[in-house]
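Undergrad: So the protein lines, in turn, are chains A and B.
Going by this note's numbering, the residue at position 40 of the first sequence is 60; the numbering climbs one at a time, nothing skipped.
Going by this note's numbering, the residue at position 89 of the second sequence is 109; the numbering climbs one at a time, nothing skipped.
Ideal Cβ positions, reconstructed from N, Cα and C, are used throughout, including at glycine.
There are 2 protein chains.
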Amino acid sequence: MNDTDTLSAAERDAVYRCIFARRDIRGQFLPDPVDEAVLARVLRAAHHAPSVGFMQPWDFLVIRDEGVRRRVHAAFTDASAEAAEMFEDERRRQYQRLKLEGILDAPLNICVTCDRSRMGPVVLGRTHQPDMDLFSAVCAVQNLWLAARAENLGVGWVSIIDPARLRAVLGIPPAIEIVAYLCVGTVSHFPERPELETAGWQSRLDLSQRVWFDGWNKRTGDESLTAHIDTSR
Amino acid sequence: MNDTDTLSAAERDAVYRCIFARRDIRGQFLPDPVDEAVLARVLRAAHHAPSVGFMQPWDFLVIRDEGVRRRVHAAFTDASAEAAEMFEDERRRQYQRLKLEGILDAPLNICVTCDRSRMGPVVLGRTHQPDMDLFSAVCAVQNLWLAARAENLGVGWVSIIDPARLRAVLGIPPAIEIVAYLCVGTVSHFPERPELETAGWQSRLDLSQRVWFDGWNKRTGDESLTAHIDTSR
């Protein structure tokens, strides 16, 4: 491999720092506008995500209008009230105390969609796994999220919204699938750990228990990798 | 924001370099084994992906056994022959000339799955968008892919496989969803552009045509961001 292909140890460490310091931001947004050159770079990173058959099925709706964001926020509020009813007792009270979105706090929101018919009826790589186009759009979301973190911008993914209502607010046609609704902006700080972990909602799983070898539920003989996993942070 | 939260310009540039230099690798794998400490770091990065309700629904099946990989490869060969029949004339001949997987060339494969019932029937954030768990597992795939690129390892996502057959080969229970089948290894080089672009299969779309403002198909008044997008590389 030649030098132009090789990332250095310092570059590797920067990528890991970005991955481990990325957070789902809800309560730490500042109202300052996002620089347009920065936003353009973040969108460019999203556009360079992998996609099935190089389909690039995504569109990015950049939402700054406060009226539009208010309507999206109302859709969140209604959905979240419904969601709270699905939890019982103490878990419900805990849910109601959590801050779960920054739709109006962040200066901009980005909706990422998937045009499932973009390249016609037959797409290379999607013939046997039809959801590969949606998964490609999710890869674009994750690229966007990491690029934003590299720019010291926070991102929060708001999924507690009825997609039909979001579709109506944003005028998204029936043929286009909504993949993600993101809040984006500068932040007061990045929490050290995921907020659902800090709040005691859910703890981080043990990675070595989630790795199998050569088949489901198989582990014999690969203790060496498991040992590396246990010491890899 | 304090200094411990702030990524430097050099770190930002490293993240972008990784994002833009990442490729879907099919024909460039070398047979050398992947160092276990490196593999552990890559899996750790995947495990630190965002997940709905901190659900962490993923498992990682590390597949090195050649017999298992041969059976997966046979499933690919059959699916790809079916896929070729879906294209017509010149497009079919072009499809048949493409190298689309490195299942046996790479020293290891990784299957990423999603346990849809991991946190019980009600998951925070999945109440109104039930596929958020699958999307979380895809975020783990993209983290894995970028971490591998940062380690100068290639990754190729093989989606031309009947999931039922892959499930049978790997013994994956019905309740677990298969999300991605990845080939991972060192490479001779990283192609400068996506191979489907170089082969003339599909060109890269113009990003500025894929960005809208405050609603679908709306663009008026935001020429400034569009100009930044056009000059952002």
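Out of A:191, A:69, A:80, A:153, which one is the CA nearest neighbour of residue 59 of chain A?
TA: Against the first sequence, residue 59 of chain A aligns to sequence position 39. The shortest C-alpha separation from residue 59 of chain A is found at A:80.
Undergrad: Quick one: give me the first and last residue of the alpha helix (DSSP H) that residue 177 of chain B is part of.
TA: Residue mapping note: residue 177 of chain B aligns to position 157 of the second sequence, counting from 1. No alpha helix (DSSP H) contains residue 177 of chain B, which is instead part of the beta strand (DSSP E) from 174 to 177.
Undergrad: Output the boundary residues of the alpha helix (DSSP H) element that contains residue 218 of chain B.
TA: Position 198 of the second sequence, counting from 1, holds the residue named residue 218 of chain B. That run of the alpha helix (DSSP H) goes 215 to 218.
Undergrad: Among B:144, B:108, B:67, B:183, whose alpha-carbon lies nearest the alpha-carbon of residue 158 of chain B?
TA: For the purposes of this step, residue 158 of chain B is taken as residue 138 along the second sequence, with counting starting at 1. When each option's Cα is compared against that of residue 158 of chain B, the closest is B:67.
Undergrad: Could you give the distance in angstroms between the alpha-carbon of residue 75 of chain A and the alpha-carbon of residue 143 of chain A?
TA: Your numbering for residue 75 of chain A matches position 55 in the first sequence. Your numbering for residue 143 of chain A matches position 123 in the first sequence. Those two C-alpha atoms are separated by around 8 Å.
Undergrad: Give the residues of chain A in contact with residue 56 of chain B, contact being defined as C-beta atoms less than 7 Å apart.
TA: Looking up residue 56 of chain B in the second sequence gives position 36. The contacting residues are 244, 245, 248.
Undergrad: What does the Cβ neighbour count give for residue 19 of chain B, buried or exposed, with the cut at 16 atoms within 10 Å?
TA: This structure cannot speak to residue 19 of chain B, because chain B is shown only from 21 to 253.
Undergrad: Closer than 8 Å, CB to CB, is residue 74 of chain A near chain B or not?
TA: The count along the first sequence starts at 1 and reaches residue 74 of chain A at position 54. Taking Cβ atoms only, chain B reaches closer than 8 Å to residue 74 of chain A, which makes this a yes.
Undergrad: Please state the DSSP three-state secondary structure of residue 98 of chain B.
TA: Counting from 1 along the second sequence, the entry for residue 98 of chain B is found at position 78. Residue 98 of chain B: helix per DSSP, three-state reduction.
Undergrad: Determine, using beta carbons only, whether residue 122 of chain B comes closer than 8 Å to chain A.
TA: In the second sequence, counting from the first residue as 1, residue 122 of chain B sits at position 102. So no, residue 122 of chain B is outside the interface.
Undergrad: Which chain A residues are close to residue 63 of chain B, counting only those with a beta carbon under 7 Å from its beta carbon?
TA: Sequence index remark: in the second sequence, residue 63 of chain B carries index 43 (1-based). What residue 63 of chain B touches in chain A: 227, 231, 249.
Undergrad: Measure from the alpha carbon of residue 51 of chain A to the alpha carbon of each residue in A:108, A:227, A:122, A:184, then state which is nearest.
TA: As a working mapping, residue 51 of chain A is identified with position 31 in the first sequence. Among A:108, A:227, A:122, A:184, the Cα nearest to that of residue 51 of chain A belongs to A:122.
Undergrad: For residue 158 of chain A, go through chain B and note every residue whose CB falls closer than 7 Å to its CB, in chain order.
TA: What you label residue 158 of chain A is simply residue 138 of the first sequence in a count that begins at 1. Result: 155, 158, 159.
Undergrad: Restricting to Cα atoms, I'd like to know which of B:28, B:41, B:155 is closest to residue 170 of chain B.
TA: Along the second sequence, one-based indexing puts residue 170 of chain B at 150. If we check each option's Cα against that of residue 170 of chain B, B:41 comes out closest.
Undergrad: Measure the alpha-carbon distance for residue 22 of chain A versus residue 61 of chain B and round it to whole angstroms.
TA: For the purposes of this step, residue 22 of chain A is taken as the residue at position 2 of the first sequence. For the purposes of this step, residue 61 of chain B is taken as the residue at position 41 of the second sequence. Their Cα atoms are separated by approximately 23 Å.
Undergrad: What are the uninterrupted segments assigned as beta strand (DSSP E) that are 3 or more residues long and contained completely in the region 111 to 170 of chain B, given in chain order?
TA: As far as the region 111 to 170 of chain B is concerned, its whole beta strand (DSSP E) runs of at least 3 residues are 128 to 135.
Undergrad: Determine the direct distance from the alpha carbon of residue 99 of chain B to that of residue 237 of chain A, and round the result to whole angstroms.
TA: On the first sequence, residue 237 of chain A is found 217 positions in, with the first residue counted as 1. On the second sequence, residue 99 of chain B is found 79 positions in, with the first residue counted as 1. Taking the straight line from one Cα to the other gives about 26 Å.
Undergrad: Using a Cβ-Cβ cut-off of 8 Å (strictly less than) and excluding sequence neighbours within five positions of residue 83 of chain A, which residues of its own chain qualify?
TA: Locating residue 83 of chain A in the first sequence gives position 63, where the first residue counts as 1. Cβ within range, chain order: 89, 92, 128, 129, 130, 131, 190.
Undergrad: Shorter than 8 Å from the beta carbon of residue 80 of chain A to some beta carbon of chain B?
TA: By one-based count along the first sequence, residue 80 of chain A stands at place 60. True, the Cβ-Cβ gap to chain B drops below 8 Å.
Undergrad: Just to confirm my understanding: we take residue 162 of chain A, look at its own chain, exclude 5 residues before and 5 after, and list those with CB closer than 8 Å. What are they?
TA: Against the first sequence, residue 162 of chain A aligns to sequence position 142. 69.
Undergrad: What does a CB cutoff of less than 6 Å around residue 135 of chain A pick up in its chain, not counting 5 residues either side in sequence?
TA: To locate residue 135 of chain A, count along the first sequence from 1; it is residue 115. Excluding positions up to five away in sequence, the list reads 77, 196.
Undergrad: If you check the beta carbons only, do residue 15 of chain B and residue 217 of chain B fall under 8 Å apart?
TA: One cannot answer for residue 15 of chain B here, as it falls past the ends of chain B, which runs 21 to 253.
Undergrad: Measure the C-alpha to C-alpha separation of residue 193 of chain A and residue 141 of chain A and round it to an integer number of angstroms.
TA: Translated into positions along the first sequence, residue 193 of chain A becomes position 173. Translated into positions along the first sequence, residue 141 of chain A becomes position 121. Between residue 193 of chain A and residue 141 of chain A, the C-alpha separation is close to 18 Å.
Undergrad: At least one CB of chain A closer than 8 Å to the CB of residue 110 of chain B: is that the case?
TA: Locating residue 110 of chain B in the second sequence gives position 90, counting from the first residue. So no, residue 110 of chain B is outside the interface.
Undergrad: By the 8 Å beta-carbon criterion, what residues does the region 191 to 215 of chain A contribute toward chain B?
TA: Taking 8 Å as the Cβ-Cβ cut-off against chain B, the residues of the region 191 to 215 of chain A that qualify are 191, 192, 193, 196, 199, 200, 206, 207, 208, 209, 210, 214.
Undergrad: Between which residues of its own chain and residue 38 of chain B is the CB-CB distance below 7 Å, once the five residues before and five after are set aside?
TA: In the second sequence, the residue the question calls residue 38 of chain B occupies position 18. Cβ neighbours of residue 38 of chain B beyond the five flanking positions: 166, 169, 170.
Undergrad: Going by C-alpha distance, which of A:180, A:27, A:30 is nearest residue 119 of chain A?
TA: To locate residue 119 of chain A, count along the first sequence from 1; it is residue 99. Minimum Cα distance to residue 119 of chain A is reached at A:180.
Undergrad: From the DSSP output, in three-state form, read off residue 181 of chain B for me.
TA: Here residue 181 of chain B refers to the residue found at position 161 when the second sequence is read from its first residue. Three-state result, residue 181 of chain B: coil.
Undergrad: When the distance is taken between beta carbons, is residue 249 of chain A closer than 8 Å to residue 225 of chain A?
TA: In the first sequence, residue 225 of chain A corresponds to position 205, counting from 1. In the first sequence, residue 249 of chain A corresponds to position 229, counting from 1. It is not a contact, given that the beta carbons lie outside the stated cut-off.
Undergrad: From the DSSP secondary-structure annotation, give me the bridge partner or partners of residue 79 of chain A.
TA: Residue numbering aside, residue 79 of chain A sits at position 59 when the first sequence is read from its first letter. Looking at the DSSP assignment, residue 79 of chain A forms a beta bridge with A:133.
Undergrad: Could you check what DSSP says for residue 107 of chain B in three-state terms: helix, strand or coil?
TA: To locate residue 107 of chain B, count along the second sequence from 1; it is residue 87. Coil, per DSSP.
Undergrad: Please name the residue, chosen from B:94, B:106, B:63, B:223, that lies closest to residue 175 of chain B on a Cα-to-Cα basis.
TA: Working through the second sequence from its first residue, we reach residue 175 of chain B at position 155. Answer by Cα proximity: B:63.
Undergrad: For a contact defined as C-beta to C-beta under 7 Å, what are the partners of residue 44 of chain B on chain A?
TA: The count along the second sequence starts at 1 and reaches residue 44 of chain B at position 24. The answer, in chain order, is 70.
Undergrad: When you check each C-beta in the region 88 to 108 of chain B against every C-beta of chain D, which residues fall closer than 8 Å?
TA: Protein chains A and B are contained in the structure displayed, whereas chain D is not.
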